[in-house]
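Quick notes on the structure that follows.
Number of protein chains: 2
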Amino acid sequence: MRIAIDAMGGDNAPDEIVSGALEATELLEKNDELILVGPKDIVEPRVPSKFRKKGVTIVDAPEVIGMDEAPIESLRNKRNSSIAVMAKMAKEGQADAVISAGNTGACVVAFQMRMRNLAGVNRPGIAVVFPTFEGPVTICDVGANIACKPINLYQYGVMAKMYSKHVLGIENPRVGIMSIGQEEGKGDEIVKKARELMKSDVNLNFIGNIEGRDIFKGVCDVVVCDGFVGNVILKLTEGVVDGLFQAIKHELGEEKLLLVMKFKPVMMRIYKKYDYHEYGGAPLLGLNGTALICHGASESRTIKNAIMTAKAFHTKKINDKITEYLLSTSVRTSNEQGS
Amino acid sequence: MRIAIDAMGGDNAPDEIVSGALEATELLEKNDELILVGPKDIVEPRVPSKFRKKGVTIVDAPEVIGMDEAPIESLRNKRNSSIAVMAKMAKEGQADAVISAGNTGACVVAFQMRMRNLAGVNRPGIAVVFPTFEGPVTICDVGANIACKPINLYQYGVMAKMYSKHVLGIENPRVGIMSIGQEEGKGDEIVKKARELMKSDVNLNFIGNIEGRDIFKGVCDVVVCDGFVGNVILKLTEGVVDGLFQAIKHELGEEKLLLVMKFKPVMMRIYKKYDYHEYGGAPLLGLNGTALICHGASESRTIKNAIMTAKAFHTKKINDKITEYLLSTSVRTSNEQGS
């Protein structure tokens, strides 16, 4: 399998990205290949020659799209950027998977434009896995589509379910839709219509509305929402966790040093459980290919984990499973007006 | 000042509600009156006669609206419910403020219908104060209006700013709008239009887009969002905090008992800071009156704090300040099409 990695993506690029890729070589199989995409003069000096034998190659992409650049404009102006080049490689069959911690908007636009949608999928969505105390919860969409139609939300449920089942190994994932109350009547019109679609699919294991507080309570394995709400959820959770750990540190600072020392390992264990670096990238579900988008603050281990996730996604043929499901369900055809 | 309290509202009614009201009598002024609204046969035995001299009275409202009942239907069928009776009392000038920890939807509908909107306000919004490490952050709306127009969001900014300034004592509150990126172009059409309105108001101290993670970072004092997003934020934050404290407890359980004992006061201090019981109820801003909605899990101290918040809201004439601001700004008149 050939996995292309954006060497220039994210706040810690290129060093952490290249390191992560090199570390991942230990975990790869014989025929796997890692393709670092970025300006050759920057990437090449960072790859010791012994890694060439371990399947690491470099593809030159002299331009870089900044984290805050406007997606469509930057792609138009920088056709030789790492993101644009990777998307083209995926389209032309030179890469089986693409991974970037760069500009999320630019990734979504470029990958969608080049790789196209999977058969049966109207709009791709980004899925993020939240490690919770009750097990991993997959949330889709977290930012690819902020103007969702009911059919998009239904398909996010299906796609995230396939991911949860076949990549995370959850037997029959329970799917919930994010709303503002558990009762049927709660939510806006789009959510209400999406719920009807989900309810009509007996294979989905749909549990109905969930609320913000339910994500961490183990009531479902998949959470469906539009990209605006999902993005707020993703960033807010990060903010609350960070804020709380800072508060604990501050409060501990007022205690005896011994207590602080003793509590540190406890905090480290918890922090690791809630840490997005462990997620290993968020799949852009619904593309005709494998694409993972990583956190802008990705470190080497984030990239290493993302590479392993890409391998699992590809090997377990998640896209085939999504297509099979969507082609066999009656929801798509009987509700085409909702697309 | 006469404050009506829904004796039957919330999961812990009537005991915690009545206790909270009785405790609050210690903090009231001479002419203050607390009116407990609920079924007389349930409320009366819970109020020792000495409190009658302290300004506690009871108004009979034999019916109760359950937490999960459909708002409009339940109000239609239960005209003698505590929520319906309180709303009528506010309308007819028998109460200067109303407080309920009951069915939020029923409260919003009843209070809005009876008390009407404040001059210059198109739609009321619920504001919740998040105690953060960097100071209190007021978020509006958290559930009154899930189909916001740009002018509604602008007015939420103004109203929450007045609350933050005059009730919380923040000099010139900075107002941010919740979106999915800090750049101008991010967000859906409603958010983009609302941002233009806010930008055009030089007195608002508008700082632009904020993201979910910014709420706890001290970048602004007021966060504007629609009721759907705000409700998710409110409940998600609760869920993350609870989940994290459970995780800490679990991890500590594996440590020595001595460490657990020593860490307990640290946790209690932090928990108190992030605890919604300290908020003292969320004002329904934009009503021609004072109405506070409390968390369904309210305890006696939540109610006591809400009573003190109602007093501050009324005494500091927040509604006059909102009306003054909205009548003097050019945004309302020049963008009437957005209403």
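These protein sequences, in sequence, are chains G and C.
If you're matching positions, the first sequence starts at 26 in the working numbering and goes up one per residue.
If you're matching positions, the second sequence starts at 26 in the working numbering and goes up one per residue.
Beta carbons are placed, not taken as given, at the ideal position from N, Cα and C, and that holds for glycine.
Original post:
Looking at the structure shown, is V146 (chain G) part of a helix, part of a strand, or coil, going by DSSP?
Top reply: Indexing the first sequence from 1 puts residue 146 (chain G) at position 121. Looking at V146 (chain G) - three-state DSSP - the assignment turns out to be coil, as it is neither helix nor strand.
Original post:
Near L178 (chain C), what residues of its chain come up, given a Cβ to Cβ distance below 6 Å and the 5 sequence neighbours on each side ignored?
Top reply: Here residue 178 (chain C) refers to the residue found at position 153 when the second sequence is read from its first residue. So the qualifying residues of the chain are A219 and V249.
**OP:** Give the interface partners of G268 (chain G) over in chain C, defined as CB-CB distance under 7 Å, in chain order.
**Re:** The residue you call residue 268 (chain G) lines up with position 243 of the first sequence. Chain C residues near G268 (chain G): T157, F158 and F241.
**OP:** Would you please state the rounded distance, in angstroms, between the beta carbons of V62 (chain G) and S107 (chain G)? I believe it to be under 8 Å.
**Re:** Residue mapping note: residue 62 (chain G) aligns to position 37 of the first sequence, counting from 1. Residue mapping note: residue 107 (chain G) aligns to position 82 of the first sequence, counting from 1. That pair is a contact at about 5 Å.
Subject >> Distance, V167 (chain C) Cα to A152 (chain C) Cα >> reply: Indexing the second sequence from 1 puts residue 152 (chain C) at position 127. Indexing the second sequence from 1 puts residue 167 (chain C) at position 142. If I take the Cα positions, the gap works out to 6 Å.
**OP:** Determine the burial state of Q362 (chain G): buried for a count of at least 16 other Cβ atoms within 10 Å of its Cβ, exposed for fewer.
**Re:** Mapped onto the first sequence, residue 362 (chain G) falls at position 337. Bear in mind that the predicted position of Q362 (chain G) carries a pLDDT of just 46, short of 50, making it too unreliable to give a figure here.
Original post:
When you check each C-beta in the segment 165 to 198 of chain G against every C-beta of chain C, which residues fall closer than 8 Å?
Top reply: G168, I171 and A172
Subject >> V227 (chain G) classed as buried or exposed, judged by whether at least 16 other C-beta atoms fall within 10 angstroms >> reply: If you number the first sequence from 1, residue 227 (chain G) lands on position 202. The residue in question, V227 (chain G), is exposed, as its Cβ has fewer than 16 Cβ neighbours within 10 Å.
Original post:
When the Cα atoms are used, what is the spatial distance from L222 (chain G) to F136 (chain G)?
Top reply: Against the first sequence, residue 222 (chain G) aligns to sequence position 197. Against the first sequence, residue 136 (chain G) aligns to sequence position 111. Straight-line Cα distance between these residues: approximately 28 Å.
**OP:** Return the first residue and the last residue of the beta strand (DSSP E) that T354 (chain C) is part of.
**Re:** One-based indexing of the second sequence puts residue 354 (chain C) at position 329. It is not in any beta strand (DSSP E) - T354 (chain C) carries neither H nor E in the DSSP assignment.
Original post:
For I7 (chain G), which residues from the same chain have a beta carbon less than 8 Å from its beta carbon, with the 5 sequence-adjacent residues on both sides left out?
Top reply: In the structure displayed, chain G extends from 26 to 364; residue 7 (chain G) sits before or after that span and is not available.
**OP:** Going by DSSP, name the residue or residues bridged to I124 (chain C).
**Re:** Walking along the second sequence from the start, residue 124 (chain C) turns up at place 99. Its beta-bridge partners are C:I30 and C:L317.
Original post:
Any beta-carbon of chain C closer than 9 Å to the one on A272 (chain G)?
Top reply: For the purposes of this step, residue 272 (chain G) is taken as residue 247 along the first sequence, with counting starting at 1. Taking Cβ atoms only, chain C reaches closer than 9 Å to A272 (chain G), which makes this a yes.
**OP:** Look at the Cβ atom of D239 (chain C), then the Cβ atom of G264 (chain G), and state whether they are nearer than 9 Å.
**Re:** Your numbering for residue 239 (chain C) matches position 214 in the second sequence. Your numbering for residue 264 (chain G) matches position 239 in the first sequence. Cβ distance < 9 Å, so D239 (chain C) and G264 (chain G) count as in contact.
**OP:** Anything in chain C within Cβ reach of N256 (chain G), meaning under 9 Å, just list it in chain order.
**Re:** Here residue 256 (chain G) corresponds to residue number 231 of the first sequence, with the count starting at 1. S204, I205, G206, E236 and G237, listed in chain order.
Subject >> For A322 (chain C), the nearest candidate out of C:K103, C:I176, C:E276 and C:G127 (CA to CA) >> reply: For the purposes of this step, residue 322 (chain C) is taken as the residue at position 297 of the second sequence. Comparing Cα-Cα distances from A322 (chain C) to each of C:K103, C:I176, C:E276 and C:G127, the minimum goes to C:G127.
Original post:
Can you name the start and end residues of the beta strand (DSSP E) that A86 (chain G) belongs to?
Top reply: Here residue 86 (chain G) refers to the residue found at position 61 when the first sequence is read from its first residue. Neither: A86 (chain G) is in no beta strand (DSSP E) and is coded neither H nor E.
**OP:** Taking only the alpha-carbon atoms, compute the straight-line gap between M333 (chain C) and T50 (chain C) and give it to the nearest angstrom.
**Re:** Along the second sequence, one-based indexing puts residue 333 (chain C) at 308. Along the second sequence, one-based indexing puts residue 50 (chain C) at 25. Between M333 (chain C) and T50 (chain C), the C-alpha separation is close to 10 Å.
Original post:
I think F76 (chain G) touches L47 (chain G), with their Cβ atoms under 8 Å apart; what is that distance to the nearest whole Å?
Top reply: If you number the first sequence from 1, residue 76 (chain G) lands on position 51. If you number the first sequence from 1, residue 47 (chain G) lands on position 22. Right, the Cβ-Cβ distance comes to about 6 Å (below 8 Å), so this counts as a contact.
Original post:
What residues from chain G crowd round R148 (chain C), counting only those whose CB sits closer than 9 Å?
Top reply: Position 123 of the second sequence holds residue 148 (chain C). By Cβ distance, chain G contributes nothing, its closest Cβ being about 15 Å from R148 (chain C), past 9 Å.
**OP:** Check each candidate in G:I295, G:E208, G:A131 and G:E58 and name the one with the smallest Cα separation from R101 (chain G).
**Re:** Position 76 of the first sequence, counting from 1, holds the residue named residue 101 (chain G). For R101 (chain G), the nearest C-alpha among the options comes from G:A131.
**OP:** Please decide whether V200 (chain C) counts as near chain G, where near means a Cβ-Cβ distance under 9 Å.
**Re:** The sequence position of residue 200 (chain C) within the second sequence is 175, counting from 1. False, the Cβ-Cβ gap to chain G never drops below 9 Å.
Subject >> Start-to-end residues for the alpha helix (DSSP H) that takes in A307 (chain G) >> reply: As a first step, residue 307 (chain G) is located in the first sequence; it is residue number 282 there, counting from the start. Run containing A307 (chain G): none in the alpha helix (DSSP H); it sits in the beta strand (DSSP E), A307 to L310.
**OP:** Assign V81 (chain C) to buried or exposed, taking buried as 16 or more other Cβ atoms, counted over all protein chains shown, within 10 Å of its Cβ.
**Re:** As a first step, residue 81 (chain C) must be located in the second sequence, where it is residue number 56. Burial call: buried.
Original post:
What distance in whole Å lies between the Cβ atoms of I124 (chain C) and D31 (chain C), which are believed to be in contact at a cut-off of 8 Å?
Top reply: The count along the second sequence starts at 1 and reaches residue 31 (chain C) at position 6. The count along the second sequence starts at 1 and reaches residue 124 (chain C) at position 99. Confirmed, about 7 Å.
Subject >> Reference R141 (chain G), options G:G45, G:V162, G:K116 and G:I164, closest by Cα >> reply: Taking the first residue of the first sequence as 1, we reach residue 141 (chain G) at position 116. The candidate whose alpha carbon is nearest that of R141 (chain G) is G:K116.
Subject >> Contact with chain G by V133 (chain C), beta-carbon distance below 9 Å >> reply: On the second sequence, position 108 is the one that residue 133 (chain C) refers to. By this cut-off, V133 (chain C) is not an interface position.
Original post:
In chain C, which residues lie less than 7 Å from V265 (chain G) when you measure between Cβ atoms?
Top reply: The residue given as residue 265 (chain G) occupies position 240 in the first sequence. Correct list: F241, T262, V265 and V266.
**OP:** Return the residue from the list C:L284, C:M293 and C:V84 that minimises the CA-CA distance to K289 (chain G).
**Re:** As a working mapping, residue 289 (chain G) is identified with position 264 in the first sequence. Measuring from the Cα of K289 (chain G), the nearest candidate turns out to be C:L284.
**OP:** Measure the Cβ-Cβ separation of K155 (chain G) and F241 (chain G) and say whether it is below 9 Å.
**Re:** As a working note, residue 155 (chain G) is residue 130 in the first sequence. As a working note, residue 241 (chain G) is residue 216 in the first sequence. With the sequence shown as reference, residue 155 (chain G) is identified as Phe, and Lys is not the correct amino acid for it. Result yes, Cβ atoms of F155 (chain G) and F241 (chain G) sit closer than 9 Å.
**OP:** For the beta strand (DSSP E) holding M92 (chain C), just list the boundary residues, first then last.
**Re:** Here residue 92 (chain C) is taken as the residue at index 67 of the second sequence, counted from 1. Segment: none, M92 (chain C) is in no beta strand (DSSP E) and carries neither H nor E.
Original post:
Along chain G, in chain order, which residues have C-beta atoms closer than 7 Å to that of E276 (chain C)?
Top reply: The residue labelled residue 276 (chain C) in the question sits at position 251 within the second sequence. Per Cβ cutoff of 7 Å: V291, R294 and I295.
Original post:
Is the CB-CB distance between G314 (chain G) and A122 (chain G) below 9 Å?
Top reply: Mapped onto the first sequence, residue 314 (chain G) falls at position 289. Mapped onto the first sequence, residue 122 (chain G) falls at position 97. Closer than 9 Å, so yes.
Original post:
In chain G, which residues lie less than 9 Å from F288 (chain C) when you measure between Cβ atoms?
Top reply: Locating residue 288 (chain C) in the second sequence gives position 263, counting from the first residue. Those within 9 Å of F288 (chain C) in chain G are L277, E280, L284, K287, F288 and V291.
Original post:
Does G34 (chain G) come within less than 9 Å of chain C when only Cβ atoms are used?
Top reply: Indexing the first sequence from 1 puts residue 34 (chain G) at position 9. So, not an interface residue.
**OP:** Indicate whether at least one CB of chain G lies closer than 9 Å to the CB of G306 (chain C).
**Re:** Residue numbering aside, residue 306 (chain C) sits at position 281 when the second sequence is read from its first letter. Chain G, which has no Cβ nearer than 9 Å to the Cβ of G306 (chain C), makes this no.
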